[in-house]
Each structure stands twice: as structure tokens, then as C-alpha cells.
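**Student:** Numbering (this note's numbering), first residue to last: 156 to 633. We treat Cβ as the ideally placed atom computed from N, Cα and C, and that holds for glycine. Take this structure first; my questions come after.
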Ligand code: ADP
């Protein structure tokens, strides 16, 4: 089994890609001359139009990606609304010119830091969150004054084309400011080659290929790559909340989100009690209504094969697996799986699980879970659960990851003020937060000599000995 139930989109012909790149370049030149206020107004109109036509968008996303209507609406559009709200209210503060500090003996000069757009931002995205990630990355890039070449996953191209069509129909943006380059690796390579900055979200393997290609032209990258996010439950944790969070975080988006709960470590003293709660919640799923996950529809067929192999590996090595059977291979539907008595040599505890699988492992102490987490290649996010917040913070500070939840499974993606990204093979650079928006620009440092207009600076020629002696003292060359 390969592919998805929809099949990948076709590559755009090279001449069409070249035309789109040229149009984006022209649009970038127009757009960079607009003020932040004008960009906020225009992009707010784009968002309002997408939000008004949400029902149409949801139908396309669900056709490509599956998922319940309610969950898709909250994850894709609810999070987008939160991000738009944050960035439209904070863009001026983050991007406006800033006066820079100067030492007192340069009192007759001034300094400013200006943020200028990069030009074209190449946004390359995976299929896991087909609206939110392309939309919000493109939105922030355009807010910072850039044009965007969007290369969506070949499995979820219709959603990106819908964003492009609705955005163009508003008439608020220059032609081609947001342009979709559909296709697979070849299209992605064309976008990397044309971009002044690459924002890539996807697997660590492809991320490394993209970074190497971008390095050939010294193009900077922001890379958000895979993770193996640990949830670490201490014996004093609020177990009901922790169990509910594990089930939500493990099954959200059919278990196909990069910051979902990927593995749970529970201190031995509460392991049975925690597991009972999780089992009870899994049992509820079967009788739940549309708002509850009954079965996840996976996006790509290869996920089903991989998940089944990961579950078989766990069974063979002594874990108990509840659920996880493929309900309907032709529609890629799979029942949620709870794996317990897991051990650290099982694939479910070390490999990324792109599906509705929640593995739970007993540990004697939380420190053991932290060591296992830090020993892995990835470092995207992790959470620590304890009623003692200072203990939880101390444990969390030992984790080598980009994002931490304390009694929180991880809703960072929807919170615009929080830089989002990881360390190690989970990537580098950040989206969101001040630094995420700043990364979409480059700094231009401006130093102005103000008065006296004809002054000769003392370190220029000819140098006067007494002035140089004075300057030496001021600078600190004693
Ligand atoms: P996923 O399987 O989660 O979609 P991938 O890392 O395979 O993750 O793909 C993420 C994105 O990168 C997709 O849009 C894909 O088409 C694109 N892509 C794949 N290969 C390349 C490449 N060589 N250069 C640029 N983009 C690529």
C-alpha cells in the first residue's frame, strides 16, 4: 500500500513555476513598500474572507485529511483566529523601527534598527495540519512584508489552493503575493532555490535535505521537524487531568500532529491508577458522539503499515495493545490504540507515531523518563505533570526540548506569543513569538552622524594625541 485515498497532486510544469516565481518577485517589490498598518488591514481582510467561507474550507480539509468537523474547525480555524488576533495586535510593536543604544561619547550620533522583509519566503508544509500551518506561516511572512511561495504537501494541495483562491479574490493583495507551487520534491526544490528564506515543516530527513540545498545559496532556513514528545507523570500529579490530557494529546488530529503526546512515562506508584483512568476514557471513545474520536482517518497509506508494524513490535516484546486494528483499509480508518507495559526498547517508545497510538511506560522516578527523553535524537516538546509546580519546573528545566508543558499537554501552536520549534534533529529557528516574526525579516542597522556637520571624528586622520588618550580612557583601554 502506498499513497493516500486521494492520491498526490500533479507537479506544475517548470514554465508555470518560473512565471509564478517572477510574479511573486514583482509582488514582493510592491509589498515591501507598504506600511505595517496597510499590511494588517489587507491581511485582516484575507483572514475574514477565509473565516466567512469556513464551511467551504472545512469540507475541503476534511476531504483531504479526514478528522471530525468539530476538531478540524477548532484546530485549523480556531487556532488560526487566535494567531491572527495576536499578530495583528503585536506586529507594530515587534517590527517597528527601534532606537538603538549608543555609548555616551557618541552623543552626537543616533542609531536605529529597522526590520526589512527578506523578499520571498518559501513556505513548505506537511499534510498533518493542512490549513493552519500553511496559512499562519504565510500570514506572518506577508505581515513582515514578504511574498510567499507556498509548497503544500502533495497530499493536501486542495486546501492550499483554496487559501490562494480566497486570498486573491479579496483583491487586498498584489497579484501573486501568495502563490501555491503544487507538486512533491521537485516543486519543493524549486521553492527552496527561489526563496530568500525557507520555512520548512516536515520530517527530519527531508528537513536535512532542504537545509543542505538552501545552504548552497546561503539561504537561511527555519526548520520545524519531527519529535517524540514525552509526557512525564509524577506520582503527585492530578491524575484525572493527566489521563484526559494523554488521551486528547495522543489522539488529537488522528494522532497526526507534530506536538501530540507521543509517549507517556508514569511513576510506578500511580501507574495502575493512571492506566485505569486512561482505559476508562478509551472505552468512552467507542460510544462517543461526533465530538469524540471513534476512529482516526489517516492521511497517507504508508502510515497504516508503519503503525501496524510498530504495534506488532510492541506486542512481540511483551506490551499489551488494546485496539489499533485497521477498520477499513480503503478509507485508511484505524481504531485508537492504547499500549501499556511498554518498555524503552519498543519502537512505539522511540519512533515518531503518526497515528492514534498512545504508549504508556512505567518508570521508578521521573528522572528516568527525563534521561530517556534527552537520550533521543529529537527535542521538540515534552510535558511534566505534578501538583508541586516548583518540582515540576525543576524537572522540566532538565529537558532538552524547545517547548515545555507543565500540567499542559501542549497547545503552544495556537499561542502567538510563544516561539514554536525544537532543538537537535527537531530543527532550528522558530515560528511565532517575537523571534518568529523577526526571523521573517532582516535587521538593517542605521547609524547617523547628527552634529556638528563638519566634525572630523577623532579616530580619523590626522589623529591628535590628547584626543586619542581621552578616547582610550572612555572606551576602557586603560
Ligand atoms: P511529511 O511526510 O510529514 O509530509 P516530508 O518531510 O516528507 O513530511 O514532507 C514535507 C514537505 O516537504 C512536503 O510538502 C514535501 O512535498 C516536501 N518535500 C519533500 N521532499 C522535498 C525536497 N527534496 N525539497 C523540498 N521539499 C520537499
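For residue 263, which option in 618, 630, 611 and 622 has the closest C-alpha, if you only look at C-alpha atoms?
**Tutor:** 611
**Student:** Could you check what DSSP says for residue 156 in three-state terms: helix, strand or coil?
**Tutor:** Interpretation of residue 156 is limited by its pLDDT of 37, a score under 50 that renders its predicted location unreliable; no figure is taken from the coordinates.
**Student:** Quick one: is residue 260 buried, meaning 16 or more other Cβ sit within 10 Å of its Cβ, or exposed?
**Tutor:** exposed
**Student:** Roughly how many whole angstroms lie between the Cα atoms of residue 555 and residue 578?
**Tutor:** 7 Å
**Student:** The beta strand (DSSP E) with residue 420 in it runs from where to where?
**Tutor:** 418-422
**Student:** Is there at least one non-hydrogen atom of the ligand ADP closer than 7 Å to the beta-carbon of residue 343?
**Tutor:** If you check the C-beta of residue 343 against the ligand ADP, you find a heavy atom less than 7 Å away.
**Student:** According to the Cβ coordinates, are residue 437 and residue 494 closer than 8 Å?
**Tutor:** no
**Student:** Is there at least one Cβ from chain C nearer than 8 Å to residue 361's Cβ?
**Tutor:** Of the protein chains in the structure, only one exists, and it is not chain C.
**Student:** Nearest by alpha-carbon distance to residue 254: which of 246, 269, 420 and 562 is it?
**Tutor:** 269
**Student:** Where do the ends of the alpha helix (DSSP H) carrying residue 287 lie?
**Tutor:** 287-298 is the span of the alpha helix (DSSP H), which, as asked, contains residue 287.
**Student:** Please confirm whether any heavy atom of the ligand ADP lies closer than 7 Å to the CB of residue 349.
**Tutor:** no
**Student:** Which residues mark the beginning and the end of the beta strand (DSSP E) in which residue 385 is found?
**Tutor:** 385-388
**Student:** Following a CB-centred definition, is residue 308 positioned closer than 7 Å to any heavy atom of the ligand ADP?
**Tutor:** yes
**Student:** At what residues does the alpha helix (DSSP H) containing residue 242 begin and finish?
**Tutor:** Looking at the DSSP string, the run of the alpha helix (DSSP H) that includes residue 242 is 234-250.
**Student:** I want to know whether the region 313-326 touches the region 199-217 - three or more CB-CB distances under 8 Å.
**Tutor:** yes
**Student:** Would you mind sorting residue 484 into buried or exposed? The rule is 16 or more other CB atoms within 10 Å of its CB.
**Tutor:** exposed
**Student:** Between the Cα of residue 168 and the Cα atoms of 336, 518 and 285, which residue gives the shortest distance?
**Tutor:** 336
**Student:** What do you get for residue 281, buried or exposed, if any count of 16 or more other CB atoms within 10 angstroms of its CB means buried?
**Tutor:** buried
**Student:** From residue 357 to residue 498, what does the alpha carbon distance come to, in whole angstroms?
**Tutor:** For residue 357 and residue 498, the distance between alpha carbons rounds to 27 Å.
**Student:** The ligand ADP and residue 281: does the residue's C-beta get closer than 7 Å to at least one heavy atom of that ligand?
**Tutor:** yes
**Student:** Indicate whether residue 309 and residue 277 have their beta-carbon atoms separated by less than 8 Å.
**Tutor:** no
**Student:** Distance check for residue 315 and residue 553, CA to CA, integer angstroms please.
**Tutor:** Answer to the nearest angstrom: the Cα atoms are 39 Å apart.
**Student:** Tell me the rounded alpha-carbon separation between residue 353 and residue 208.
**Tutor:** 29 Å
**Student:** Measure how close the beta-carbons of residue 389 and residue 521 come, nearest whole angstrom, since I'm counting them as under 8 Å.
**Tutor:** 5 Å
**Student:** Quick check: what's the CA-CA separation for residue 440 versus residue 431?
**Tutor:** When rounded, the distance between both Cα atoms is 15 Å.
**Student:** DSSP on residue 267, reduced to helix/strand/coil?
**Tutor:** In the structure shown, residue 267 sits in a strand (DSSP, three-state: E or B).
**Student:** For residue 529, which residues from the same chain have a beta carbon less than 6 Å from its beta carbon, with the 5 sequence-adjacent residues on both sides left out?
**Tutor:** 555
**Student:** Do you know offhand how far residue 156's Cα is from residue 196's?
**Tutor:** For residue 156, the predicted structure reports a pLDDT of 37, less than 50, and the residue's modelled location is therefore unreliable. A value from the coordinates is still provided. Roughly 47 Å separates the two Cα atoms.
**Student:** If distances are taken between C-alpha atoms only, which option among 591, 632, 227 and 252 comes closest to residue 379?
**Tutor:** With distances taken between Cα atoms, residue 379 lies closest to 591.
**Student:** Helix or strand or just coil, what does DSSP make of residue 601?
**Tutor:** strand
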